[in-house]
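Participant:
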Amino acid sequence: MTLVADGTAAPQRTRRKALSDRAFAWILIAPAVLFIVAIVAWPLVETIRLSFTNASLAGEDYVGLANYEKLFQGGKFTEIIVRTFVWMFFSVSLKLILGLIGASLLMAAVPGQALFRILIMPPWVIPIAMGCLGWLWLFNGDFGIISGVAQAIGLTDGPFAFLAYRNSAFWAAIVTDAWVGTPMVTLFFLAAMQGVSRDLYEAAWVDGASRWYRFRRITIPQIMPVIVSMALMSAIWTFNSFEIIWILTQGGPRGGTTTMIIDTYKVAIANLQFGEGAARAVIIVIMLALFSLLYLWVLGRVNRKYGVK
Amino acid sequence: MATLELASITKDFGAHKVLSGIDLAIRDREFVVFVGPSGCGKSTLLRIIAGLEAATSGRILIDGQDVSDAAPVDRGISMVFQSYALYPHLSIFENIAFPLRVARLPEAEVKAKVARAADILQLTDKLALKPGQLSGGQRQRVAIGRSIVRNPKVFLFDEPLSNLDAALRGEMRVELSALQRDLDATMVYVTHDQIEAMTMAHRIVVLNKGRIEQFGSPMELYHHPATRFVATFIGQPNMNLIPATVAGTGAEGLTVDFHDGTRMTLPVDPAGAHPGDRVEVGVRPENLRLGQGLAMRLRVLERLGGTTIAYGMLADGLKLCAALPGDTTVHEGEDVGLTFTPADAHVFDAQGRVMRRRQAPALAA
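Residue numbers (the UniProt record's numbering), protein chains in the order written: chain A, 1 to 309; chain B, 1 to 365.
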């Protein structure tokens, strides 16, 4: 704050200065605003508009809520929603459980610790398409090692093509998705575990707490904020996961692996029904928005509960 | 409560010797402080007693029982960490109750024990809070509470006050001393702060480079330091060491020549000293006074009120420090003479070993 002897001139000068500051600020953020409008806001608005039309290659007419009404007729879309959530639940659970086990193992002070930490990365760092092609072979009935081993130990009578049946294809897709997603979850958990003070474990050890007790009452609560944020973020990513299913099964067989995102793609891009596809996309946006709100709310609560400021 | 005995404890980290040949017998209900510069092995020794670290060789006996291979929880010890090691996600109640929960004690017993500890430490109204909501001193008390509820034979403290500010540290020193008396417990306390050691300990273990330099009461260490290291480590400001040459030995003690030609006869046992040997004469700042003697140019004066600490230099460049009466009328840059009573001098041979003083003050109990 400056004190000026001339009481009249000073405020004027400040006001003019404030205005130019504001203009300058707008100039600075303008590129970012334009960018966001171009790639987020406008497409979103356009998608919402399209969802009220019957847009296709033939042209478009306003149809009101017809697309939405059609969606919820016959129960097929509801089935897809349920399948999406089942897919999300099992894939995320698998990633979290494997991530916790993996991170705990990687915390162990063993020779070659750094090497093991690097060895878990490939599923995450190699291109997803490459990884999925590998899994295509693994799941193959005639040449796949999984079917081969299952036959050898007598689990199946003959070759079993995992991707050829609705149920097995669904679970195969979950396994593949978890395989891709686990390394990142593991590394986040590992980083969080490394942040827990050694003194806490030593204090508990002096008090006689077993390894499991220390894991349960120190490690888990201490990394809970990370567990929760990984759970919610990976739920959103899994919900949106497209390429893994598309490469493995393209949503088949007979829709057995069609999640909402696959369904939207098929309708809007493969069948060129832009209006109906847009209605599906809008529902996805609403669900993800709710998810994000839930994420922020839960994270705030967890951080307060576990003493993170 | 219990005795604690260490027999020839050694600890190596690879080729690096951290501790060598530590022998120590701590009495029942004794408050013993391990003190030494950083890296002297004091924390490692405490962690070996706790069982957090295994000794390379040697034995640990608590109440006569060999616990060298026992798990920490089976040794009957509890430990307070420098970082307090409180569980941030648990309430103060659950933090204090943690060892009892591990031991699966019935709820009523847990409540009673926590209530008693909280009462002793004045934490009763804080039990529902989380550690993050407490001040440093209160967190420290919670950590102590957690060790009290276990009712251990020996309490171990690893630099528990070093994260507190100076005023609070002074307060906690008094509280810890009182607590030790109230609990009537055997306590082993590690610090690098000689003031904490002097004020709280019944006996002090001075460690240096993995060895015990001296084990004795605070006043014993002050008046009869066994080595040059102990002499300079204990006492504030540090003891002055003035190089001198042995001129002769006799019935009255050791006669030495200082570099400026001053000759003095000091009442110490001149065991094995020969004329011409180089020795160091140690004089505590508080034993120096103005008078005919060593000529010093004053460089800095620190006026503390009751005392004036005078830092200066002799003609040969040796730095000295004298604690003079508060109102002494001297000025920075002035040349003064410093003298001391021969009986107050400590004499160290070239190896840093002390020559026994003949007229040392009687020791306080």
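A virtual CB, placed ideally from N, CA and C, is assigned to each residue, including glycine.
Closest by CA to Ile62/B, which one among Leu320/B, Pro342/B, Gln140/B and Leu24/B?
Facilitator: To locate residue 62/B, count along the second sequence from 1; it is residue 62. Among Leu320/B, Pro342/B, Gln140/B and Leu24/B, the Cα nearest to that of Ile62/B belongs to Leu24/B.
Participant: Going by DSSP, what residue range makes up the alpha helix (DSSP H) through Lys95/A?
Facilitator: Reading the first sequence from its first residue, position 95 is the one you call residue 95/A. Start and end: Lys76 to Met107.
Participant: Ends of the alpha helix (DSSP H) at Gly137/B?
Facilitator: Residue 137/B sits at position 137 when you count from the first residue of the second sequence. From DSSP, the alpha helix (DSSP H) with Gly137/B extends over Gly136 to Ile148.
Participant: Strictly by DSSP, which residues pair up with His346/B?
Facilitator: What you label residue 346/B is simply residue 346 of the second sequence in a count that begins at 1. Answer is Gly282/B, bridged to His346/B.
Participant: Note down the Cα distance separating Val267/A from Phe274/A, rounded to an integer number of angstroms.
Facilitator: The sequence position of residue 267/A within the first sequence is 267, counting from 1. The sequence position of residue 274/A within the first sequence is 274, counting from 1. Those two C-alpha atoms are separated by around 7 angstroms.
Participant: Within the continuous beta strand (DSSP E) that includes Tyr213/A, where are the two ends?
Facilitator: Against the first sequence, residue 213/A aligns to sequence position 213. Looking at the DSSP string, Tyr213/A is not in any beta strand (DSSP E); the run it does join, the alpha helix (DSSP H), is Arg211 to Arg214.
Participant: What is the DSSP secondary structure of Phe98/B, counted as helix, strand or coil?
Facilitator: Along the second sequence, one-based indexing puts residue 98/B at 98. Note: Phe98/B maps to helix in three-state DSSP.
Participant: Where does Pro243/B land, buried or exposed, given buried means 16+ other C-beta within 10 angstroms?
Facilitator: For the purposes of this step, residue 243/B is taken as the residue at position 243 of the second sequence. By the 10 Å Cβ count, Pro243/B comes out exposed.
Participant: If you drop the 5 nearest sequence neighbours on each side, which residues of the same chain put their C-beta closer than 8 angstroms to that of Arg263/B?
Facilitator: Here residue 263/B is taken as the residue at index 263 of the second sequence, counted from 1. Ala247, Thr255, Val256 and Asp257.
Participant: Hey, does Glu202/A have any beta-carbon neighbour from chain B nearer than 8 angstroms?
Facilitator: The residue given as residue 202/A occupies position 202 in the first sequence. Yes - at least one Cβ of chain B is within 8 angstroms of the one on Glu202/A.
Participant: For Gly256/A and Ala164/A, I'd like the C-alpha separation in whole angstroms.
Facilitator: Taking the first sequence and counting its residues from 1, the one referred to as residue 256/A is at position 256. Taking the first sequence and counting its residues from 1, the one referred to as residue 164/A is at position 164. Cα to Cα, Gly256/A sits roughly 10 angstroms from Ala164/A.
Participant: Do Gly272/B and Thr339/B count as a contact pair if the criterion is CB distance below 8 angstroms?
Facilitator: If you number the second sequence from 1, residue 339/B lands on position 339. If you number the second sequence from 1, residue 272/B lands on position 272. Against a cut-off of 8 angstroms, the Cβ pair of Gly272/B and Thr339/B comes out as no contact.
Participant: On a Cα-Cα basis, can you pick out the residue from Ile244/A, Asn271/A, Val302/A and Ser104/A that is closest to Ser91/A?
Facilitator: Position 91 of the first sequence holds residue 91/A. For Ser91/A, the nearest C-alpha among the options comes from Ile244/A.
Participant: By the 10 Å Cβ neighbour count, where 16 or more other Cβ atoms means buried, how is residue 369/B classified, buried or exposed?
Facilitator: Because residue 369/B is not part of the residues shown, which for chain B are 1 to 365, the question remains open.
Participant: Could you work out which residue in Asn54/A, Leu96/A and Ile48/A is closest to Met224/A when comparing CA atoms only?
Facilitator: For this step, residue 224/A is matched to residue 224 along the first sequence. Of Asn54/A, Leu96/A and Ile48/A, the residue nearest in Cα terms is Leu96/A.
Participant: Flag this pair as yes or no: are the beta carbons of Asn287/B and Thr341/B separated by less than 8 angstroms?
Facilitator: Looking up residue 287/B in the second sequence gives position 287. Looking up residue 341/B in the second sequence gives position 341. Yes; because the gap between Cβ atoms is below 8 angstroms, this pair is in contact.
Participant: Compare the C-beta of Ile218/A against all C-beta atoms of chain B and say whether one is closer than 8 angstroms.
Facilitator: Residue 218/A sits at position 218 when you count from the first residue of the first sequence. Yes, its Cβ sits closer than 8 angstroms to a Cβ of chain B.
Participant: Would you identify the three-state DSSP class for Gly181/A, choosing helix, strand or coil?
Facilitator: The count along the first sequence starts at 1 and reaches residue 181/A at position 181. Here Gly181/A sits in helix by DSSP.
Participant: So what does DSSP say about Leu298/B, is it helix, strand or coil?
Facilitator: Taking the second sequence and counting its residues from 1, one reaches residue 298/B at position 298. Correct three-state label for Leu298/B: strand.
Participant: Under three-state DSSP, which class holds Val336/B?
Facilitator: Indexing the second sequence from 1 puts residue 336/B at position 336. Three-state DSSP puts Val336/B in a strand.
Participant: Please report whether the beta-carbon of Gln222/A lies at a distance below 8 angstroms from any beta-carbon of chain B.
Facilitator: Sequence index remark: in the first sequence, residue 222/A carries index 222 (1-based). At least one chain B Cβ lies under 8 angstroms of Gln222/A.
Participant: Among the residues of its own chain, which have a CB less than 8 angstroms from the CB of Gly300/A, if the five just before and after it don't count?
Facilitator: Indexing the first sequence from 1 puts residue 300/A at position 300. So no residue of the chain qualifies.
Participant: Figure out for me which residue from Ala209/A, Ser168/A, Val285/A and Gln222/A has the closest Cα to the Cα of Pro253/A.
Facilitator: To locate residue 253/A, count along the first sequence from 1; it is residue 253. If we check each option's Cα against that of Pro253/A, Ser168/A comes out closest.
Participant: Is the beta carbon of Met198/B less than 8 angstroms from the beta carbon of Pro218/B?
Facilitator: Translated into the one-based positions of the second sequence, residue 198/B becomes position 198. Translated into the one-based positions of the second sequence, residue 218/B becomes position 218. Yes.
Participant: Of the residues that make up the region 167 to 198 of chain B, which ones have a beta carbon closer than 8 angstroms to any beta carbon in chain A?
Facilitator: Of all residues in the region 167 to 198 of chain B, none has a Cβ within less than 8 angstroms of some Cβ in chain A.
Participant: Are the C-beta of Val206/A and some C-beta of chain B separated by less than 8 angstroms?
Facilitator: Here residue 206/A refers to the residue found at position 206 when the first sequence is read from its first residue. Closer than 8 angstroms to some Cβ of chain B, the Cβ of Val206/A qualifies, so yes.
Participant: Where do the ends of the beta strand (DSSP E) carrying Gln133/B lie?
Facilitator: Taking the second sequence and counting its residues from 1, the one referred to as residue 133/B is at position 133. Taken as a continuous stretch (DSSP letters only), Gln133/B belongs to no beta strand (DSSP E), as it is neither H nor E.
Participant: Using the C-alpha atoms, what's the distance from Pro43/A back to Asp6/A?
Facilitator: The residue you call residue 6/A lines up with position 6 of the first sequence. The residue you call residue 43/A lines up with position 43 of the first sequence. Reliability of the predicted coordinates at Asp6/A is poor, the pLDDT of 48 falling under 50, and no value is obtained from them.
Participant: Along the chain, where does the beta strand (DSSP E) containing Phe72/A start, and where does it finish?
Facilitator: Reading the first sequence from its first residue, position 72 is the one you call residue 72/A. No beta strand (DSSP E) holds Phe72/A; DSSP gives it neither H nor E.
Participant: Under 7 angstroms Cβ-Cβ, which residues of chain B neighbour Ala209/A?
Facilitator: Numbered from its first residue, the first sequence carries residue 209/A at position 209. Here the neighbours are Val102.
Participant: 8 angstroms is my cut-off, CB to CB: does Asp199/A come that close to chain B?
Facilitator: For this step, residue 199/A is matched to residue 199 along the first sequence. So, interface residue.
Participant: At what residue ranges does the region 113 to 155 of chain A contain a whole run of the alpha helix (DSSP H), taking only runs of 4 or more?
Facilitator: Qualifying alpha helix (DSSP H) stretches, in chain order: 113 to 119, 122 to 125, 128 to 139 and 145 to 152.
Participant: Could you round the C-beta distance between Ala143/B and Val80/B to whole angstroms and report it? I think they count as a contact, below 8 angstroms.
Facilitator: Against the second sequence, residue 143/B aligns to sequence position 143. Against the second sequence, residue 80/B aligns to sequence position 80. Between Val80/B and Ala143/B the Cβ distance is about 5 angstroms, and since that is below 8 angstroms, they are a contact.
Participant: Does Gln73/A pass the burial test, meaning 16 or more other C-beta atoms within 10 Å, or should it be called exposed?
Facilitator: Residue mapping note: residue 73/A aligns to position 73 of the first sequence, counting from 1. Answer is exposed; the Cβ neighbour count stays below 16.
Participant: Grouping DSSP H, G and I as helix and E and B as strand, with all else coil, what is Ala289/A?
Facilitator: Locating residue 289/A in the first sequence gives position 289, counting from the first residue. Helix, per DSSP.
Participant: If I follow the unbroken alpha helix (DSSP H) through Tyr311/B, where does it start and stop?
Facilitator: Here residue 311/B refers to the residue found at position 311 of the second sequence. Counting along the chain, Tyr311/B falls outside any alpha helix (DSSP H), though it belongs to the beta strand (DSSP E) covering Thr307 to Leu314.
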